[in-house]
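What follows is a set of notes on a single structure, which appears directly below.
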Amino acid sequence: MAFLLCGLVLVAPAPAAEPTCHALLVGGMPGPAVYARRYADWLKRFHAYLTQTAKVPAANVVVLSGDDAFRDPILSGKATRDVIRQTIAGMARRAAPEDQFILVLVGHGTVAETLPSIVLPGQDIHAQELADALATVRSRNQVLLNFTSSAGDAVRFLARGGRVTLAATSPAEVNEPVLAEFFLRGLESKRADGEGTPQAGLLDGTITLLEASNWASYQAAMWTGRMKSTEAGWKVGGKESVEIFQKLYGGPEGEPATRKLSPASDTTAADEPVPLRPKGGLDDFWFGRRIVAEHAVLEDCGQERGVSPLGGDGYRPIAGVKEGEPGALARRVVLGRPGLLPPSGQ
Numbered sequence: 041m042a043f044l045l046c047g048l049v050l051v052a053p054a055p056a057a058e059p060t061c062h063a064l065l066v067g068g069m070p071g072p073a074v075y076a077r078r079y080a081d082w083l084k085r086f087h088a089y090l091t092q093t094a095k096v097p098a099a100n101v102v103v104l105s106g107d108d109a110f111r112d113p114i115l116s117g118k119a120t121r122d123v124i125r126q127t128i129a130g131m132a133r134r135a136a137p138e139d140q141f142i143l144v145l146v147g148h149g150t151v152a153e154t155l156p157s158i159v160l161p162g163q164d165i166h167a168q169e170l171a172d173a174l175a176t177v178r179s180r181n182q183v184l185l186n187f188t189s190s191a192g193d194a195v196r197f198l199a200r201g202g203r204v205t206l207a208a209t210s211p212a213e214v215n216e217p218v219l220a221e222f223f224l225r226g227l228e229s230k231r232a233d234g235e236g237t238p239q240a241g242l243l244d245g246t247i248t249l250l251e252a253s254n255w256a257s258y259q260a261a262m263w264t265g266r267m268k269s270t271e272a273g274w275k276v277g278g279k280e281s282v283e284i285f286q287k288l289y290g291g292p293e294g295e296p297a298t299r300k301l302s303p304a305s306d307t308t309a310a311d312e313p314v315p316l317r318p319k320g321g322l323d324d325f326w327f328g329r330r331i332v333a334e335h336a337v338l339e340d341c342g343q344e345r346g347v348s349p350l351g352g353d354g355y356r357p358i359a360g361v362k363e364g365e366p367g368a369l370a371r372r373v374v375l376g377r378p379g380l381l382p383p384s385g386q
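To convert a position in the sequence shown, counted from 1, into our numbering, add 40.
Next comes the structure, spelled out in structure tokens:
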């Protein structure tokens with residue numbers, strides 16, 4: 041708006057842009073078809089949650105994939121080492137300090153000479169290169185969701201003050217993680233709201249990153265614990281657990297499943313809690329039982345190691361009640377919301 045005053049034209053300053061969210065979703069090179077289906081599904085669901093539920097402008101959500109067969113309309117480009125670094129640099133120029141920046145990684149990971157990497161077409165990108173690229177992002181509210189198999193080893197490179205990092209695995213764990221499936225279910229169904237209440241969260245209609253992380257870690261462990269190896273295949277207990285098993289391990293019609301579901305699996309029962317560790321001696325319950333080998337860690341204090349809600353005594357939600365404690369920042373962060381919630385107790 042301009043005003044004429046004593047022959048001078050005064051131009052009123054443009055209104056400041058409203059804080060917003062910028063998100064980069066990266067899928068690595070999948071390899072076997074079972075992983076291609078997983079990664080494509082997770083990328084599409086994260087995109088849908090951010091743009092439809094969280095109302096992040098679609099132009100602010102960039103999707104890169106290392107899968108040549110993934111040609112969904114949400115795709116922005118190929119996930120190569122150079123493209124990822126260039127995309128982060130471009131988003132860093134656009135993202136203001138008041139904005140939220142989100143990076144989601146799904147894919148295979150490797151650790152070579154102590155450097156964890158994400159498997160990509162061509163040259164892989166290792167954690168230090170990723171950390172260097174992210175160092176240019178000015179946003180004070182940063183979220184890194186690393187659902188790769190090298191996620192736990194990457195925490196020490198990627199942790200920094202003001203950033204919440206969720207890693208699907210702990211250091212030295214090399215299993216292909218499934219945490220992304222449960223993290224998304226917790227958000228989509230809103231079941232993660234209030235997880236760990238009253239210490240770690242509130243049932244108030246808002247899902248914090250801490251609630252989503254705690255819920256997903258627990259549910260992934262419960263799902264694993266409901267599986268038992270038998271001669272006829274994996275016997276799985278619980279309707280939703282069977283559905284997830286078939287989704288993650290089953291193949292399209294005409295293709296064999298990567299893991300066989302036992303006909304004795306209960307497809308109608310409720311998904312009841314199961315013990316995560318034997319108390320005392322082993323009994324028939326534990327014979328053939330699948331043991332939890334995926335311990336997600338959360339880091340939001342700028343430390344080299346995160347903490348897990350899954351420990352030797354089972355599940356204990358990360359609470360983050362006091363400022364500076366693990367989880368204190370994560371309980372103030374909402375995915376897709378630029379501003380932080382008030383500190384606990386305010």
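All C-beta atoms in this analysis are idealised placements derived from N, C-alpha and C, irrespective of residue type, glycine included.
Residue i - DSSP class collapsed to helix/strand/coil
| i | result |
| --- | --- |
| leucine 45 | For leucine 45, the predicted structure reports a pLDDT of 45, less than 50, and the residue's modelled location is therefore unreliable. The matter cannot be settled from this model. |
| glutamine 163 | coil |
| asparagine 181 | strand |
| arginine 371 | helix |
| glycine 300 | In the sequence as displayed, the identity of residue 300 is lysine instead of glycine. Residue state, collapsed to three classes: coil. |
| lysine 95 | coil |
| lysine 268 | strand |
| alanine 212 | coil |
| valine 314 | coil |
| glycine 226 | helix |
| aspartate 172 | helix |
| serine 384 | coil |
| leucine 115 | coil |
| leucine 242 | coil |
| alanine 207 | strand |
| alanine 309 | coil |
| alanine 220 | helix |
| glycine 379 | coil |
Contact belief for residue i with residue j at Cβ below 8 Å, rounded distance in angstroms
| i | j | result |
| --- | --- | --- |
| proline 357 | glutamate 235 | 7 Å |
| histidine 384 | alanine 336 | Here the sequence assigns serine to residue 384, which means histidine is not the residue at that position. Going by Cβ atoms, the distance from serine 384 to alanine 336 rounds to 22 Å, so no, they are not a contact pair. |
| glutamine 92 | proline 378 | About 18 Å; that fails the 8 Å criterion. |
| asparagine 186 | alanine 208 | 7 Å |
| glycine 364 | cysteine 341 | 7 Å |
| valine 101 | leucine 65 | 7 Å |
| glycine 67 | valine 146 | 5 Å |
| glycine 278 | alanine 309 | 6 Å |
Spatial neighbours of residue i in its chain, beta-carbon cut-off 7 Å, leaving aside the 5 residues before and after
| i | result |
| --- | --- |
| asparagine 254 | Glu235, Gly236, Ala240, Pro349, Pro357 and Ile358 |
| valine 314 | Met262, Gly265 and Arg266 |
| valine 373 | Asn181, Val183, Val204, Thr248, Leu249 and Leu380 |
| tryptophan 326 | Pro318 |
| serine 210 | Gly192, His335, Val337 and Ser348 |
| glutamine 286 | Leu301 |
Alpha helix (DSSP H) segment containing residue i, residue limits
| i | result |
| --- | --- |
| asparagine 254 | 249-265 |
| glutamate 339 | Glutamate 339 -> not in any alpha helix (DSSP H); beta strand (DSSP E) instead, spanning 337-339. |
| glutamine 286 | 279-289 |
| arginine 345 | From DSSP, arginine 345 is part of no alpha helix (DSSP H); its letter is neither H nor E. |
| threonine 127 | 121-134 |
| alanine 76 | 73-88 |
| leucine 198 | 191-198 |
Close-in-space but distant-in-sequence residues of the same chain around residue i (CB under 6 Å, 5 per side omitted)
| i | result |
| --- | --- |
| alanine 368 | Gly360 |
| glycine 226 | Ala232, Ala252, Trp255 and Ala256 |
| arginine 85 | Leu224 |
| serine 305 | Lys275, Val276 and Val282 |
| arginine 125 | Ala173 |
First through last residue of the beta strand (DSSP E) which encompasses residue i
| i | result |
| --- | --- |
| leucine 322 | Taken as a continuous stretch (DSSP letters only), leucine 322 belongs to no beta strand (DSSP E), as it is neither H nor E. |
| alanine 333 | No beta strand (DSSP E) contains alanine 333, which DSSP labels as neither H nor E. |
| glycine 106 | No beta strand (DSSP E) contains glycine 106, which DSSP labels as neither H nor E. |
| glutamine 140 | 140-147 |
| proline 156 | 155-158 |
Contacts around residue i, its chain only, beta-carbon distance under 8 Å, and the 5 residues preceding and following it disregarded
| i | result |
| --- | --- |
| glycine 352 | Arg317 |
| glutamate 169 | Arg121 and Arg125 |
| glutamate 213 | Ser189, Gly192, Ala333, Glu334 and His335 |
| message | Is it the case that the region 97-111 contacts the region 244-253, given that we only count it when at least three CB pairs across the two stretches are under 8 Å? | response | no
| said: Across the region 176-185 and the region 129-147, are there enough close Cβ pairs to call them in contact, namely three or more that are closer than 8 Å? | reply: yes
| request: Determine contact between the region 304-323 and the region 188-202, defined as no fewer than three beta-carbon pairs at a distance below 8 Å. | output: Too few Cβ pairs lie closer than 8 Å, so no.
| said: Count Cβ pairs between the region 329-347 and the region 292-306 that sit closer than 8 Å; are there 3 or more? | reply: no
| query | Are the region 340-354 and the region 267-278 in contact at 8 Å, needing three or more beta carbon pairs? | reply | The region 340-354 and the region 267-278 do not touch, with fewer than 3 CB-CB distances between them shorter than 8 Å.
| Is it true that the region 92-101 meets the region 76-84, where meeting means three or more beta-carbon pairs spaced less than 8 Å apart? | no
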